[in-house]
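S.K.: Got a structure for you, written out below as structure tokens; questions coming shortly.
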Amino acid sequence: MLAAFTAISAAYLLPGAPRAAPSRTVSPVMEQGVQSLPLMMPKQKSWKPKAEDLALSSKKWWLVDADGLRLGRMSSEVAKLLLGKHKPTFTPGADVGDYVIIINAEKVVVTGKKSSQKMYKRHSGRPGGMKMEAFDELQQRIPERIVEKAIYGMLPKNSHGRELFRHLKVFKGDAHPHDAQSPETIVFSGLTSAPDSKVLDMSDPDALVCAQ
């Protein structure tokens, strides 16, 4: 293209004008780009759990005695163990948690009037098939379901949460069939095991905490 332009320009030169030798070298002038910024955090790198972190051999088995423990606070601590938030390798969406065994599910406690006012619903799937029962009624019939529903509500609502829920084993009484896994007993302190401080005193009508 440059040679054609040179030939056309030479055709319009005067007869006695000297002709310049055609040049085939082009040296375009480029604008200087913006200097790249230095790496502000050179040691900050993304980390993902490795195969050994997700392996079954890296998971521990915990044993929780629910005798006298508050339902909500115990469930939140158990959910942390299932999610793996107690480990430095915790990654959202990764199965890095442990297995949890809960015994004496019928001895879990609730504060206030929740034993008679907290209701549980279930539906058979047919019209008019919804049934409701109070906490104390369900605790006498199926105490394991109370603990399972409380912990299930604190897990992610997706396939990851359903997989973590399979790592929970709840039993009525102090016997369980997982002695071969050698579970390690874990004790929760603080308000999780503290008794209810707002129990109404029905014996003395003049007391400040009396229901009347």
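With positions in the sequence shown counted from 1, the corresponding number in this note's numbering is that position plus 16.
The beta-carbon is built from N, C-alpha and C at its ideal position, and this holds for glycine as well.
Just so you know, these numbers come straight off a predicted model, no measurement behind them.
#1: Using CA coordinates, which residue listed in 180, 167, 134 is at the minimum distance from residue 229?
#2: Between the beta-carbon of residue 114 and the beta-carbon of residue 183, is there less than 9 Å?
#3: With burial defined as no fewer than 16 other Cβ atoms inside 10 Å of the residue's Cβ, what is the status of residue 213: buried or exposed?
#4: At a cut-off of 8 Å, is residue 103 close to the ligand NAP when judged by its beta-carbon and the heavy atoms of the ligand?
#5: Here's the rule: buried if 16 or more other CB atoms are within 10 angstroms of the residue's CB, otherwise exposed. What is residue 207?
#6: Below 8 Å on the Cβ atoms is my guess for residue 79 versus residue 199; work out the distance and round it to an integer in Å.
#7: Between 88, 120, 75, which lies nearest to residue 101 when the distance is taken from Cα to Cα?
#8: Relative to the alpha-carbon of residue 67, which residue among 91, 197, 111 has its alpha-carbon at the smallest distance?
#9: Within a Cβ cutoff of 6 Å, which residues of the same chain sit near residue 145, ignoring the five residues on either side of it in sequence?
#10: Mind checking who residue 137 pairs with in its DSSP beta bridge?
#11: Output the boundary residues of the beta strand (DSSP E) element that contains residue 87.
#12: Determine the burial state of residue 226: buried for a count of at least 16 other Cβ atoms within 10 Å of its Cβ, exposed for fewer.
M.R.: In terms of the structure at hand:
#1: Limits of the chain in this structure are 17 at one end and 228 at the other, which puts residue 229 out of reach.
#2: yes
#3: exposed
#4: Absent from the structure shown: the ligand NAP. Ligands present: none.
#5: exposed
#6: About 4 Å; that satisfies the 8 Å criterion.
#7: Nearest option by C-alpha distance: 75.
#8: 111
#9: 139
#10: 148
#11: Note, residue 87: premise wrong, no beta strand (DSSP E); alpha helix (DSSP H) at 87 to 99.
#12: Any reading at residue 226 needs caution, since the residue's pLDDT is 47, under 50, leaving its predicted position unreliable; the model's value is listed next. So residue 226 counts as exposed.
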